[in-house]
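Structure first, commentary second.
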Amino acid sequence: SPVRLARRPRRWPRFLTITDTLSPRILADPGAWVGALLRHARLPLAAASILSLLSYLVVGLIPAVLGEVVDTGLTHGLTARLLPGLAALAGLGLLGAVVGSLAEMFSMGAWACGWQPSGRGAAHRLGEHPRAVTRAMAGGDVVSTVTADADAIGDLMYFISNVIASLIVTLVVGALMVRMDVGLGLLVLLGVPVVLILIAALIKPLNRRMSHQREEQGRLTTVTTDVVAGLRILRGIGGEAVYSARYAEASARVRDAGIKVASTQALLAAIRAGAPMILTAVVVGATASAALGGRLSAGEFVTFYGYTTFLIWPMGALADLMQFMTRAWVGAKKVARIAATAPLVDDGAVDPDARLDPGGDLVDAATGVRLRGGAMTGLVCARPGASAALAERLGRPDDGAAVTLGGTDLRRVPVEKVRRTI
């Protein structure tokens with residue numbers, strides 16, 4: 437029998453549940469779309485931000501408790517005086533684990549609030565106006581938008597709460613460090629913005645290169661979807677070699693664009709990892725000098741060192757935000773482009789009182805084909821593309837085709853009624 441590893445809730449929290457309704461509907465402006473997603477995710481974002489802040493603060497208290505243990509408990513050796521401090525450290529570790537788990541759950545809820553409307557909204561728009569969307573964007577680009585771009589937007593929503601908590605905890609820990617020693621505290625507080633400025637300088641070229649890579653990836657996906665659609669024809673005319681050459685060329689462009697992105701990301705990672713380490717080394721050296729000079733006790737030295745190394749964590753989160761923002765902005769522009777696609781049908785000039793006779797004859801004016809009402813008709817054509825185009829025209833995919841049902845021009849009837857009838 438299967439082993440039950442965890443209790444499954446009878447009902448998941450609403451923010452972790454996939455719903456049938458689209459809320460909010462995708463917007464044609466990327467900035468407005470991101471703003472709508474932030475409002476949509478405000479509750480899980482607020483909860484995740486508060487819990488992430490508590491998690492950071494719990495971890496930030498560990499250096500203070502450890503310094504107190506060094507200054508008070510160890511002066512008497514390994515005695516029972518150490519027990520309260522050790523118990524406090526264990527309690528902080530346990531509390532941090534619980535709060536961090538809750539923060540992760542709400543952060544995943546925020547991710548879902550960004551990913552679900554973006555991916556499903558773009559897919560629904562494609563379902564409503566498939567010809568219009570695929571005319572404005574390549575099929576592969578649309579597939580990448582629904583999958584990869586929606587996920588990038590969700591990643592940003594997931595990370596925002598972490599960044600909010602990082603900003604607040606950096607200010608709190610900085611204030612505690614200034615309170616211990618003004619000079620050393622200011623050294624840290626002034627060093628953090630310098631590190632972030634160095635990282636921000638790489639965002640513009642990273643954004644440009646990631647956008648270029650995303651375009652090339654969309655073209656490569658289009659080549660792939662094209663061959664899936666026309667594989668039988670390709671084999672019939674011996675076109676596999678031509679396709680392979682096209683795919684190799686497109687793949688090489690994606691590779692070259694990816695190398696450029698990787699070089700920028702590598703430099704960003706080097707600054708993200710190296711700059712905080714250099715700052716930490718400078719602060720630790722200054723703190724050790726102060727401790728040797730008698731300005732700080734041994735416990736205060738441990739506390740200051742703990743605070744400095746702890747700040748690498750939130751500083752890394754602030755640095756990662758810039759990369760997540762770049763990816764999400766590229767994705768939001770793609771989602772907005774799908775939303776901005778104008779439909780090929782317009783109900784502005786229809787007759788709301790126009791009626792359709794489901795039993796009437798369906799006539800395609802372009803070919804003269806008449807499908808008799810009440811009967812099943814099979815259409816045989818020497819060119820399969822012609823019969824497929826006829827089948828598309830019968831459902832009013834655009835307003836360029838003249839098709840009548842029972843003598844009524846489908847362009848005079850609301851498209852919803854046409855799709856419901858035919």
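Heads up, the sequence shown is in the numbering used here, so the first residue is 437 and it goes up one at a time.
For glycine and all other residues, C-beta sits at the position ideal for the given N, C-alpha and C.
Going straight from the alpha carbon of residue i to that of residue j, what length do you get?
i	j	result
lysine 487	leucine 497	According to the sequence as given, residue 487 is leucine; it is not lysine. Approximately 15 Å between the Cα atoms of the pair.
glycine 590	serine 459	15 Å
serine 687	alanine 586	23 Å
valine 495	leucine 757	21 Å
arginine 856	arginine 847	14 Å
arginine 478	alanine 601	15 Å
glutamine 552	glycine 721	49 Å
alanine 837	leucine 562	21 Å
proline 520	phenylalanine 740	21 Å
methionine 573	alanine 464	14 Å
serine 699	arginine 682	26 Å
valine 839	arginine 832	8 Å
alanine 637	valine 697	15 Å
glycine 694	glycine 471	29 Å
serine 823	isoleucine 858	17 Å
valine 506	alanine 516	14 Å
leucine 387	aspartate 692	What is shown of the chain runs 437 to 858, which leaves residue 387 out entirely.
leucine 473	valine 738	43 Å
serine 554	serine 537	26 Å
valine 690	valine 678	19 Å
glycine 735	arginine 615	15 Å
proline 480	glycine 729	49 Å
Going by C-alpha to C-alpha distance, which of the options sits closest to residue i?
i	options	result
leucine 715	Leu522, Pro629, Phe595, Ala727	Pro629
glycine 796	Leu807, Ala802, Thr803, Asp789	Leu807
glycine 842	Thr570, Asp793, Ala702, Asp783	Asp793
isoleucine 707	Met593, Arg567, Ala717, Leu632	Leu632
tyrosine 492	Gly521, Pro566, Ala753	Ala753
methionine 751	Ala681, Gly627, Ala637, Arg517	Gly627
threonine 657	Ala724, Leu623, Ala588, Asp577	Asp577
alanine 524	Val501, Ser699, Leu732, Ile604	Val501
alanine 726	Ala637, Lys769, Val805, Gly621	Gly621
alanine 526	Thr508, Pro833, Pro499	Pro499
aspartate 834	Ala778, Leu798, Cys817, Thr844	Ala778
valine 719	Met613, Asp800, Gly694	Met613
aspartate 800	Lys769, Thr844, Ala790, Asp789	Thr844
threonine 762	Ala684, Val839, Ala588, Asp465	Ala588
arginine 461	Thr723, Lys696, Gly550	Gly550
lysine 853	Ala824, Ala790, Lys696, Val805	Ala790
glycine 804	Leu830, Gly555, Ala724, Val697	Leu830
alanine 468	Lys769, Ala677, Cys817, Ala684	Lys769
alanine 482	Ala825, Pro466, Met593	Met593
alanine 503	Val624, Leu732, Val678, Ala717	At residue 503 the sequence reads glycine, which differs from the alanine that was named. The option with the nearest alpha carbon to glycine 503 is Leu732.
alanine 802	Ala825, Cys817, Val849	Ala825
In terms of residue numbering, what span does the beta strand (DSSP E) encompassing residue i cover?
i	result
aspartate 800	798-800
leucine 841	839-841
Can you tell me where the alpha helix (DSSP H) holding residue i begins and where it ends?
i	result
arginine 829	820-829
arginine 567	566-572
arginine 848	Per DSSP, arginine 848 belongs to no alpha helix (DSSP H) and is neither H nor E.
alanine 477	Taken as a continuous stretch (DSSP letters only), alanine 477 belongs to no alpha helix (DSSP H), as it is neither H nor E.
valine 609	586-616
aspartate 577	575-580
Quick check on the burial criterion: 16 or more other C-beta atoms within 10 angstroms. Buried or exposed for residue i?
i	result
glycine 404	Outside the shown range of the chain (437 to 858) lies residue 404, about which nothing can therefore be said.
proline 820	exposed
proline 712	buried
leucine 827	Strictly speaking, residue 827 in this sequence is alanine, with leucine absent from that position. It is exposed - the Cβ of alanine 827 has fewer than 16 other Cβ atoms within 10 Å.
leucine 530	exposed
glycine 532	buried
glutamate 564	exposed
arginine 645	buried
glycine 619	exposed
alanine 764	buried
glycine 710	exposed
proline 788	exposed
leucine 528	buried
glycine 575	buried
When you measure from the CB of residue i to every non-hydrogen atom of the ligand MG, does any distance come out below 7 Å?
i	result
methionine 713	Ligands displayed in this structure: none; no statement on the ligand MG is therefore possible.
Spell out a yes or no on whether the segment 601-610 and the segment 737-753 are touching, meaning 3 or more CB-CB pairs, one atom from each, closer than 8 Å.
-> yes
Decide if the segment 560-577 is in contact with the segment 771-790; the criterion is three or more beta carbon pairs, one per stretch, under 8 Å apart.
-> Touching, per the Cβ criterion.
Would you call the segment 529-549 and the segment 473-489 in contact, with 3 or more CB pairs under 8 Å?
-> yes
Assess, as a yes-or-no matter, whether the segment 689-705 is touched by the segment 575-585 under the definition of 3 or more beta carbon pairs within less than 8 Å.
-> no
Flag this pair as touching only if the segment 780-791 and the segment 808-818 have three or more C-beta atom pairs under 8 Å; answer yes or no.
-> no
Below 8 Å, can you find three or more Cβ-Cβ pairs linking the segment 545-553 to the segment 590-602?
-> yes
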